[in-house]
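There are 2 protein chains.
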Amino acid sequence: MVMRNEAIKYAELNYQRTISFLNEIISIPSISTLPENSGDMQLCANRLMEKFKDLGFEHIQLFPTKKHPIIYADLLHAGPDKPTILIYGHYDVQPVDPIDLWTSDPFKSRIDGDYLYSRGSSDMKGQIVACLAAIEAISETGRFPVNIKYIIEGEEEIGSPNLKPFLESHKDLLKSDVALNPDCGMVGINTPTIVYGLRGLAYFELGVFGPDHDLHSGVFGGVVHNPAQVLIDLISKMHDNNGKITLPHFYDDVLQLSENEKAELNRLNMDDSYYKSQTGVINTWGEKGYSPVERIGARPTLEVNGFLAGFTGIGAKTVIPAKAIAKLSTRLVPNQDPEKVHQQLLEFVKANIPNTVRWEVEMLSGGHPSISDTTIPETVALAKALETVWGKKPIYKREGGSVPVVADMQQILGIDSVLTGFGLPDDNIHSPNERLHLPTWHKGIGALIHFFMNLES
Amino acid sequence: MVMRNEAIKYAELNYQRTISFLNEIISIPSISTLPENSGDMQLCANRLMEKFKDLGFEHIQLFPTKKHPIIYADLLHAGPDKPTILIYGHYDVQPVDPIDLWTSDPFKSRIDGDYLYSRGSSDMKGQIVACLAAIEAISETGRFPVNIKYIIEGEEEIGSPNLKPFLESHKDLLKSDVALNPDCGMVGINTPTIVYGLRGLAYFELGVFGPDHDLHSGVFGGVVHNPAQVLIDLISKMHDNNGKITLPHFYDDVLQLSENEKAELNRLNMDDSYYKSQTGVINTWGEKGYSPVERIGARPTLEVNGFLAGFTGIGAKTVIPAKAIAKLSTRLVPNQDPEKVHQQLLEFVKANIPNTVRWEVEMLSGGHPSISDTTIPETVALAKALETVWGKKPIYKREGGSVPVVADMQQILGIDSVLTGFGLPDDNIHSPNERLHLPTWHKGIGALIHFFMNLES
């Protein structure tokens, strides 16, 4: 208990230094999807490797992949009779467009009131820095009670194409008892949250190709099937009037919510008015027959993430575009399978596309949904830590986002994940003006210290 | 007859000089819709004014408008007992994007075989230069048989917002017996064509607005109505399964084709295989119950000219976009009215938009359709001129494109238009690699000389 208090005190005394390190990491524009930022990816990985060295990690190694390298570092002082925790992180961030909606430079952190603004502050450089701060506080004031293996990948925001092969080929190196994944968040500043379910993802690009060049809409309007119109008609058919997705057999593998889970989820008070205030929409929308929190946590969705065709500048241009493209993605729930959904989409397009156009479907990324056991000792240790810091029991939640690595670690390494994180729903992650609520994050560092210390017993 | 031959000879001898002038005019990127090109608009107008001066035009004046100026020039040597022809032109061109599909600089004319490539070569700087070359040939070798008033506007490609007010406030200055409008084209290199019908246009921008910022599709997918999805569903409903437009009362004012017109139009041999070869589509499409040439000439259409929402770069970004916009336009036929169609669209959106989003419809431009009398002496003079040069009678056609000034001149100045032009359907107007078929254009200069001389009698 003395040692625990020393660690907490250390974290408090070094809080400004922790923020400085966060600022430093944030200033590196590690956008994994853009080829022009590949140098920044390397830079960010190097800076984290240095940090692991400063923290006394022993085996530190950068594993190259086909795209962005994976960082591995371990601290095994606790010894072979103590449990080993595999901590997961990602050092890549989302693109920043539309850039004109940012009120300050996305890669220069700006503190305004309780918030620190910048790309990656919440998702998830802030979470990585919180973990490292907790580890440092314990290491500097005593002895780490468990063994740690830490991996930080650089491709989470592009669907982690090289993580699964890495897990598969490094089973021995990564052998652990449980994983800690701080890539989730809390429901609200006063609601400590444990996530036990995650949606999967299947992301596609659809292209429809008509004439071999853009045409004058007067000269050819009436004989050519406009590719934008074709893609619009196709996508429109993917939902029915009840907001259900119409891909063939799409719901066959969907696990229905139990009455107990329904009750627990609906305890969250995340109702229509909550989501209206979070998003600014005038009315919510979704699959009929389910509450908002059920729809987000436990029901699959299909979204148009992007659509581009023809002339979209200022003014008017009377063209029939030669092609139209859409970025479409589905969020999947247990036990749906991204590759199966890929096949369902192909089947759907084949059945519904007219014979006036050429088309193409490319799967850009996919990840499995997951559900974790909430009764394992590590999850109990986390629940106790959150209760210590917030003074109330955490709620248990199924998350709408996707952390496919959780399912991958279950399947490949045979370990469950404890899911936490100190971001909030209005952090604008993946959006302009992403931000981190500093008081919550600050508490999070404390909670992580308690979590690690709770594993002692 | 001697004078006519002298003029033809003059045009032949000066053909290379005519091409040089075309190259010069083409090198000025007079894109009316882009604010950054407003200086080029002025430059292009100035160069044409100089040319009118060189040709001996007397009253030459630039009329400023709210946007781009209108050039007026007249040559009234024939005297008050001779007829006066009002020639129309536009010196503005379409934007050049997608620029990467051009094989050479759009504003540097490149000759390859029979074609001269550049933006504006066919639509319609080439047509202006052909007219000026014909006028020069006659003026330099004799006396011009009729009076000429020439107006060239700079806003045709953005819907001529300031032309109608100009016509209304300058009725005396523009008083003429008939108009010559060379902004049309020929059906094929061996098919001299007289256009007697034109479609109108109503061009809109539709915006749908959902959340107040782009959202993470995992965190919020299931409670927010995706604005791209809403706009897609809305646009999809604008056509029925027969390719008919579903705006309320849209077809009420559509003039049905007579059996005679149907027969004449279908004589054109512009069938499915013709349009497939012109456009590269694998199959044609359109309103059921009409042939391709009927659909283009005499039936209205609604096209998606542009659509933009969310992330459209390389790779994947899992956003629910905050907004979606579409550029939509309808081509109208007699007796449809663009403003009525605007009201029909508003009514349609109100009836079909869900209560989950905000929306906006802006009308960007509109122009009336028109039909001209083919028996007036000036059209007969043109038919004779075309027959002289091509050795065969012209065909009569209703054009799919829009030249709203024809209806405006009918209504405001009380004059019919004779419609011609020496562009071809595969000139890629409004598209990358716009081009002009030089042998046809060369013949066109001769035909215009014969046309003016035919007005003598």
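Each protein sequence line maps, in turn, to chains E and P.
The working numbering puts the first residue of the first sequence at 32, with every later residue one more than the last.
The working numbering puts the first residue of the second sequence at 32, with every later residue one more than the last.
Quick reminder that beta carbons are idealized off the backbone N, C-alpha and C, glycines included.
Inset, instruction - Give a yes or no on contact between the segment 471-481 of chain P and the segment 163-172 of chain P, applying the rule of three or more CB pairs nearer than 8 Å. - result: In short, these stretches touch, since the Cβ pair count reaches three.
Legend entry - Residues within the segment 234-253 of chain E neighbouring chain P, beta-carbon criterion of under 7 Å: Taking 7 Å as the upper bound on Cβ-Cβ separation, chain P lies near residues 234, 241, 242, 243, 244, 245, 246, 247, 248, 249, 250, 251, 252, 253 of the segment 234-253 of chain E.
Legend entry - Same chain, Cβ closer than 8 Å to residue 470 (chain E), five either side skipped, listed in chain order: Close CB contacts of residue 470 (chain E) within its chain, under the 8 Å cut and outside five residues either way in sequence, are with 145, 220 (chain order).
Inset, instruction - Compare the C-beta of residue 129 (chain E) against all C-beta atoms of chain P and say whether one is closer than 9 Å. - result: True, the Cβ-Cβ gap to chain P drops below 9 Å.
Legend entry - Within chain P, the residues that residue 358 (chain E) reaches when beta carbons sit closer than 8 Å: Chain P residues near residue 358 (chain E): 341, 342, 343, 347, 348.
Inset, instruction - Assign residue 90 (chain P) to buried or exposed, taking buried as 16 or more other Cβ atoms, counted over all protein chains shown, within 10 Å of its Cβ. - result: Its Cβ having fewer than 16 others within 10 Å, residue 90 (chain P) is exposed.
Inset, instruction - Using three-state DSSP, classify residue 166 (chain E) as helix, strand or coil. - result: Residue state for residue 166 (chain E) is assigned as helix, using DSSP reduced to three classes.
Legend entry - Three or more C-beta pairs below 8 Å linking the segment 224-236 of chain P and the segment 388-403 of chain P: Short answer: they touch.
Legend entry - Simplified DSSP state of residue 146 (chain P), which is helix, strand or coil: Shown here, residue 146 (chain P) sits in a strand according to DSSP, grouped into three states.
Legend entry - Residues of its chain near residue 297 (chain P), where Cβ-Cβ distance is below 7 Å and the 5 sequence neighbours each way are ignored: Correct list, in chain order: 322, 324.
Legend entry - Nearest to residue 307 (chain E) (by Cα), restricted to the options P:206, P:241, P:134, P:472: Ranking the options by Cα distance to residue 307 (chain E), first place goes to P:241.
Legend entry - Selected residue, minimal CA-CA separation from residue 237 (chain E), among E:328, E:379, E:179, E:364: The candidate whose alpha carbon is nearest that of residue 237 (chain E) is E:379.
Legend entry - Whole-angstrom distance between residue 451 (chain E) and residue 433 (chain E), CA atom to CA atom: Each residue's Cα considered, the two are about 13 Å apart.
Legend entry - Short CB-CB distance (under 9 Å) between residue 141 (chain P) and chain E: Residue 141 (chain P) does not count as touching chain E.
Legend entry - Option nearest residue 126 (chain E) by Cα separation, candidates P:415, P:387, P:341, P:393: Nearest option by C-alpha distance: P:341.
Legend entry - Within chain E, partners of residue 418 (chain P) - CB distance below 8 Å: Chain E residues near residue 418 (chain P): none, gap ~25 Å exceeds 8 Å.
Inset, instruction - Would you give the residue range spanned by the beta strand (DSSP E) that residue 64 (chain E) belongs to? - result: If you look at residue 64 (chain E), you'll find it isn't in any beta strand (DSSP E); DSSP assigns it neither H nor E.
Inset, instruction - Taking the CB atoms as reference points, tell me whether residue 205 (chain P) and residue 439 (chain P) lie closer together than 9 Å. - result: Result no, Cβ atoms of residue 205 (chain P) and residue 439 (chain P) do not sit closer than 9 Å.
Inset, instruction - Return the Cβ separation of residue 154 (chain E) and residue 454 (chain E) in integer angstroms, given the expectation that the two are a contact with Cβ distance under 8 Å. - result: The Cβ separation is near 6 Å, so the contact holds.
Inset, instruction - Write down the C-beta distance between residue 52 (chain P) and residue 160 (chain P) rounded to the nearest angstrom, noting that I regard them as a contact closer than 8 Å. - result: At roughly 6 Å, the Cβ-Cβ gap stays under 8 Å, so residue 52 (chain P) and residue 160 (chain P) are in contact.
Inset, instruction - Assign residue 424 (chain E) to one of three DSSP states: helix, strand, or coil. - result: Note: residue 424 (chain E) maps to coil in three-state DSSP.
Legend entry - residue 316 (chain P): contacting residues in chain E (beta-carbon distance under 8 Å): What residue 316 (chain P) touches in chain E: 254, 255, 256, 385, 387.
Legend entry - Ranges of the beta strand (DSSP E) found wholly within the segment 199-270 of chain E, counting only runs of at least 3: DSSP runs (the beta strand (DSSP E)) wholly in the segment 199-270 of chain E: 209-212, 224-229, 231-240.
Inset, instruction - Can you give me the Cβ contacts of residue 104 (chain P) inside the same chain, cut-off strictly under 6 Å, excluding the 5 residues immediately before and after it? - result: When the five nearest sequence neighbours on each side are left out, the beta carbons in the same chain lying within less than 6 Å of the beta carbon of residue 104 (chain P) are those of 83, 88, 91, 181, in order along the chain.
Legend entry - Inter-residue CB distance, residue 372 (chain P) and residue 266 (chain P) (contact presumed, cutoff 8 Å): Between residue 266 (chain P) and residue 372 (chain P) the Cβ distance is about 15 Å, and since that is not below 8 Å, they are no contact.
Inset, instruction - Give the straight-line distance between the Cα atoms of residue 68 (chain P) and residue 385 (chain E), rounded to the nearest whole angstrom. - result: Their backbone Cα atoms lie some 40 Å apart in a straight line.
Legend entry - Within the segment 386-411 of chain E, ranges of the beta strand (DSSP E) (whole runs, at least 3 residues): Complete beta strand (DSSP E) runs here, min 3: 389-398.
Legend entry - Inter-residue Cα distance where the pair is residue 403 (chain P) and residue 250 (chain E): The C-alpha of residue 250 (chain E) is placed about 19 Å away from the C-alpha of residue 403 (chain P).
Inset, instruction - Spell out whether any CB of chain P is found under 9 Å from the CB atom of residue 184 (chain E). - result: With a threshold of 9 Å between beta carbons, residue 184 (chain E) makes no contact with chain P.
Inset, instruction - Rounded to whole angstroms, what's the CA-CA distance from residue 55 (chain P) to residue 421 (chain P)? Just pull it up for me. - result: For residue 55 (chain P) and residue 421 (chain P), the distance between alpha carbons rounds to 29 Å.
Inset, instruction - For residue 411 (chain P), go through chain E and note every residue whose CB falls closer than 7 Å to its CB, in chain order. - result: The premise fails here: residue 411 (chain P) is roughly 26 Å from chain E at the closest Cβ pair, so nothing lies under 7 Å.
Inset, instruction - Can you check DSSP and say which residues form a bridge with residue 197 (chain E)? - result: Its beta-bridge partners do not exist; DSSP assigns none.
Inset, instruction - Anything in chain P within Cβ reach of residue 271 (chain E), meaning under 8 Å, just list it in chain order. - result: Correct list: empty, because the minimum Cβ distance to chain P is about 11 Å.
Inset, instruction - Determine the direct distance from the alpha carbon of residue 356 (chain E) to that of residue 461 (chain P), and round the result to whole angstroms. - result: Near 21 Å, if we compare the C-alpha coordinates of residue 356 (chain E) and residue 461 (chain P).
Inset, instruction - Give a yes or no on contact between the segment 359-378 of chain E and the segment 262-281 of chain E, applying the rule of three or more CB pairs nearer than 8 Å. - result: Contact holds between the segment 359-378 of chain E and the segment 262-281 of chain E, because three or more Cβ pairs, one in each stretch, are under 8 Å apart.
Inset, instruction - Report yes or no: is there a C-beta of chain E within less than 9 Å of the C-beta of residue 461 (chain P)? - result: So yes, residue 461 (chain P) belongs to the interface.
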